[in-house]
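Residue numbers for the sequence shown follow our numbering, beginning at 325 and rising by one. Structure record follows, encoded as structure tokens.
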Amino acid sequence: MAENMEKQRKNILTKTLFFVILISLSLLVIRVIDLQGFQGEFFANISHRNRQFRTEIPAERGIFFDRYGDPLVVNQREYFKLLNPTALYPEKKPLTKEAAMSLQVEDPFAVHYVLQRKYLRPFSLAHTLGYISSVTAEDLQNNSQLQTTDSLGRLGLEVFFDDLVRGKKGFREFEINALGKKIGESEAVVPVVGRSLKTTLDPYLSTVAWRAMGDKTGSVVILDADTGKVLTLLSTPSFNSNLFTPSNIEEEQKNKWDELRSALVDEKKLFFNRAVSGAYPPGSIFKLVTALAGLESEAFDTTTVVDDQGTLEVGIYRYANWYYTQYGRVEGNISLSRAIARSNDIFFYKAAEWTGVDALVQQAEQMGFGKLTGLEVSGEKAGLVPSPSWKEKTIGERWYLGNTFHLGIGQGDLLVTPLQQAQMIQVFGNGGKICKPSILEEETQADCSSIGVKEENIRAIQEGMVGACSSGGTAYPFFPWNQEQGVILGGDQEGVVDHISANKLIEEGMIACKTGTAEFGGADERGYRKTHAWFAMTVGGVKDLVGEQQQVLGEDTSSKSFMIDDQPEGDRDLISEKEKWLQKINSSSFPDKIVIVVLVESDEEEPFREGSRDASPVALEVWNWMMGK
Numbered sequence: 325m326a327e328n329m330e331k332q333r334k335n336i337l338t339k340t341l342f343f344v345i346l347i348s349l350s351l352l353v354i355r356v357i358d359l360q361g362f363q364g365e366f367f368a369n370i371s372h373r374n375r376q377f378r379t380e381i382p383a384e385r386g387i388f389f390d391r392y393g394d395p396l397v398v399n400q401r402e403y404f405k406l407l408n409p410t411a412l413y414p415e416k417k418p419l420t421k422e423a424a425m426s427l428q429v430e431d432p433f434a435v436h437y438v439l440q441r442k443y444l445r446p447f448s449l450a451h452t453l454g455y456i457s458s459v460t461a462e463d464l465q466n467n468s469q470l471q472t473t474d475s476l477g478r479l480g481l482e483v484f485f486d487d488l489v490r491g492k493k494g495f496r497e498f499e500i501n502a503l504g505k506k507i508g509e510s511e512a513v514v515p516v517v518g519r520s521l522k523t524t525l526d527p528y529l530s531t532v533a534w535r536a537m538g539d540k541t542g543s544v545v546i547l548d549a550d551t552g553k554v555l556t557l558l559s560t561p562s563f564n565s566n567l568f569t570p571s572n573i574e575e576e577q578k579n580k581w582d583e584l585r586s587a588l589v590d591e592k593k594l595f596f597n598r599a600v601s602g603a604y605p606p607g608s609i610f611k612l613v614t615a616l617a618g619l620e621s622e623a624f625d626t627t628t629v630v631d632d633q634g635t636l637e638v639g640i641y642r643y644a645n646w647y648y649t650q651y652g653r654v655e656g657n658i659s660l661s662r663a664i665a666r667s668n669d670i671f672f673y674k675a676a677e678w679t680g681v682d683a684l685v686q687q688a689e690q691m692g693f694g695k696l697t698g699l700e701v702s703g704e705k706a707g708l709v710p711s712p713s714w715k716e717k718t719i720g721e722r723w724y725l726g727n728t729f730h731l732g733i734g735q736g737d738l739l740v741t742p743l744q745q746a747q748m749i750q751v752f753g754n755g756g757k758i759c760k761p762s763i764l765e766e767e768t769q770a771d772c773s774s775i776g777v778k779e780e781n782i783r784a785i786q787e788g789m790v791g792a793c794s795s796g797g798t799a800y801p802f803f804p805w806n807q808e809q810g811v812i813l814g815g816d817q818e819g820v821v822d823h824i825s826a827n828k829l830i831e832e833g834m835i836a837c838k839t840g841t842a843e844f845g846g847a848d849e850r851g852y853r854k855t856h857a858w859f860a861m862t863v864g865g866v867k868d869l870v871g872e873q874q875q876v877l878g879e880d881t882s883s884k885s886f887m888i889d890d891q892p893e894g895d896r897d898l899i900s901e902k903e904k905w906l907q908k909i910n911s912s913s914f915p916d917k918i919v920i921v922v923l924v925e926s927d928e929e930e931p932f933r934e935g936s937r938d939a940s941p942v943a944l945e946v947w948n949w950m951m952g953k
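Laid out in structure tokens, this is it:
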């Protein structure tokens, strides 16, 4: 009996063991089938990746070209010799281009390169072109497509067109062995070059404007008056846009970092683009808008006379003319043309009162104030055109006559950008059209439209503007030019031309302008407020005036291949720059009518800036350079 039980127990153990082995073998077979059949491709890919190593090939970023077809920025290759090319992360040694080309013939895998962005006019075009820099942790968090080795545009055109000009990186894939060494290239994808864009910018004028501004804080804007195309969009003080390009030379890189750190903390805000992001009271330049609004609404006409006795009293308030405040003098009876030329505050207080705030606001908005221009740069501000409803909503106060007075002379809460000022001035340069400013050169027509005002009203204001730049006006630095041109056009010895319309005078090269001195902030202990300086001008006949200089040039080198000028921008000889410029415009189109607007900010050294004294000389320096003076 005991033997039977022992035999039965052994049978059970045998059967149990058999079933355990059977189940284990079954599971093993199923797993093998799964690995080789269902998941075979998956693990094969993992195995493949473990035997592959990929390195990126940087994409050439698109180039920005100037209006003459020359590059404003280039991508320079920095070459390196890979000391141990088969290693996954080899040591590198800098190479010259010639040495790299020679080595690449012998061993193409021993040469590596990186792309460095070099800006050819790193100060005068810093805010307009912008710069690129490596991605940040925030960039990577916001965009899953970015990688740590990527760079992004940070300002100006570089950021506005970043998606277009960035391009697409390529790669090289290598087979690696068990020791982690490269043993051969298995795949390569060529990078896609970013799109290049032609701009309307004139780099020569930009450099001259930057040099003319010197250490002043402000902006210079130069437009084509007929199309709104931007030739210069300068903000000062500027920064060196090449500081963000790394250097392989240790001492040079240290100097760059030191300069960059200093620029980032500079109290003058070097990276702030004053041309489009700075909003300032426009001062007396806005009187042109007041004049047009009044003429259009028939609140007054060209024969209307105001008696300037120095001040205008309204209740307990006194509103003074600048001429009386500074010199204690009055101008007596004065009409529109003379009031524009002399920038008479008393006339424009009354003009604003007669016109009314609603018409002033409507005319200002019609001429581009209070809204974005749509220029292809980052950080543009709309400014502010105050109105009774705005004041009630924002400040909680009603609108007073004094507010209308201040609006009429470009003071109070009114804020504009230098670019908006230039857009407004072009209306008087082209005879009544407003054009959307643009930096991008396109085949399409300029985006311009009539503002729907009477031609005679434009002409009346042009007459005052020519007077402002002529003897007896406010822009005394330009008196000699207009006098000379006036004599050439058949005027008297003072350059006064009575038999030709102001519009025709502008077309023939006489300058129409307006100065502005804009108060801001609180009053000091003497009752004075700090002032910014403005100057705005428009002039035609530029092609012919420039063409006279081209006749004295020798060989035309405009068609010769472009050569990178490595000379620092601040050290370039403006005479040789002028020769290059003349040769460029000889073979390219150049505007016949232009607008120049200059802003010079108040600062600690010069808190009380004046349009005629501080801003107009900057424009004159640019103009004289253009005219060969």
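Cβ coordinates follow ideal geometry from the N, Cα and C atoms, glycine included.
Work out the CA separation of E497 and H372 for me, nearest whole Å.
-> For H372, the predicted structure reports a pLDDT of 48, less than 50, and the residue's modelled location is therefore unreliable. A value from the coordinates is still provided. Taking the straight line from one Cα to the other gives about 12 Å.
Own chain, CB closer than 6 Å to V398, minus 5 neighbours either side, in chain order | The answer, listed in chain order, is K442.
Let me know the secondary structure DSSP gives P395 once reduced to three states.
-> Looking at P395 - three-state DSSP - the assignment turns out to be strand.
Who are the Cβ neighbours of L944 in its own chain at under 7 Å, not counting the five residues just before and after it?
-> Within the same chain, L944 has close Cβ partners P801, F802.
Could you give the distance in angstroms between the alpha-carbon of D487 and the alpha-carbon of V517?
-> Taking the straight line from one Cα to the other gives about 12 Å.
Alpha carbon of R639 to alpha carbon of G720, nearest angstrom = Residue 639 is actually Gly in this sequence, not Arg. In a straight line, the C-alpha of G639 is about 23 Å away from that of G720.
Does the distance from the C-beta atom of E901 to that of T531 stay below 8 Å?
-> Between E901 and T531, the CB-CB gap stays under 8 Å.
CB of L521 within 8 Å of CB of G698, strictly = With contacts defined as CB atoms closer than 8 Å, L521 and G698 fail to qualify as a contacting pair.
Mind reading off the beta-carbon distance from A615 to L660? Whole number of angstroms is fine, and I expect it under 8 Å.
-> Contact check for A615 and L660: beta-carbon distance about 6 Å, within the 8 Å limit, so the pair qualifies.
Quick one: residues in its chain with C-beta nearer than 6 Å to the C-beta of Y643, no 5 flanking neighbours on either side, listed in chain order?
-> Correct list, in chain order: L636, Y673, F729.
Whole angstroms is fine: what's the gap from Y648's alpha carbon to L906's?
-> It is roughly 45 Å from the alpha-carbon of Y648 to the alpha-carbon of L906.
Report the three-state DSSP secondary structure of F672 (helix, strand or coil).
-> Reduced to three states, the DSSP call for F672 is helix.
Rounded to whole angstroms, how far is the Cβ of G840 from the Cβ of A665, which I believe are closer than 8 Å?
-> Between G840 and A665, the beta carbon gap of about 14 Å keeps them out of contact (Cβ cut-off 8 Å).
Pair every Cβ in the stretch 452-472 with every Cβ in the stretch 577-585, then say whether three or more of these pairs are closer than 8 Å.
-> Counting Cβ pairs under 8 Å, fewer than three are found: no touch.
Where does E934 land, buried or exposed, given buried means 16+ other C-beta within 10 angstroms?
-> That one is buried.
Start and end of the alpha helix (DSSP H) containing W723?
-> First-last for W723: undefined, no H or E at that position.
Based on the DSSP output, what are the partners of C759 in its beta bridges?
-> Note: C759 sits in a beta bridge opposite C772.
Could you tell me the distance, in whole angstroms, from the CA atom of G810 to the CA atom of D539?
-> Their Cα atoms are separated by approximately 34 Å.
For the alpha helix (DSSP H) holding L708, just list the boundary residues, first then last.
-> Careful: L708 lies outside any alpha helix (DSSP H) and carries neither H nor E.
Mind checking which residues open and close the alpha helix (DSSP H) that includes E808?
-> Residues 803-812.
To the nearest angstrom, report how far apart N657 and V709 are at their CA atoms.
-> Roughly 31 Å between the two C-alpha positions.
Which of the three DSSP states, helix, strand or coil, is assigned to G788?
-> In this structure, G788 counts as helix in the three-state DSSP scheme.
Specify the secondary structure class of K492 as computed by DSSP and reduced to three states.
-> Taken through DSSP and simplified to helix, strand or coil, K492 comes out as strand.
Ignore the nearest five residues each way along the sequence and tell me which others in V777's own chain have a CB closer than 7 Å to its CB.
-> The residues are L616, E620, G756.
Buried or exposed: which applies to V284, given that a residue is buried once 16 or more other Cβ atoms fall within 10 Å of its Cβ?
-> There is simply no residue 284 to check, as the chain begins at 325 and stops at 953 in what is shown.
Would you call the stretch 910-920 and the stretch 589-599 touching, i.e. three or more CB-CB distances under 8 Å?
-> Cβ pair count under 8 Å is below three, so no.
Nearest-angstrom Cα distance between K715 and W723?
-> For K715 and W723, the distance between alpha carbons rounds to 7 Å.
Below 8 Å on the Cβ atoms is my guess for L547 versus S448; work out the distance and round it to an integer in Å.
-> Between S448 and L547 the Cβ distance is about 16 Å, and since that is not below 8 Å, they are no contact.
Same chain only: Cβ atoms within 6 Å of G952, ignoring 5 sequence neighbours per side = Q873, listed in sequence order.
Which stretch, first to last residue, makes up the alpha helix (DSSP H) that contains L453?
-> Here the alpha helix (DSSP H) through L453 covers 450-453.
Residue from L739, G736, P761, I782 with nearest C-alpha to N754 = Looking at the Cα atoms, I782 is the closest of the given residues.
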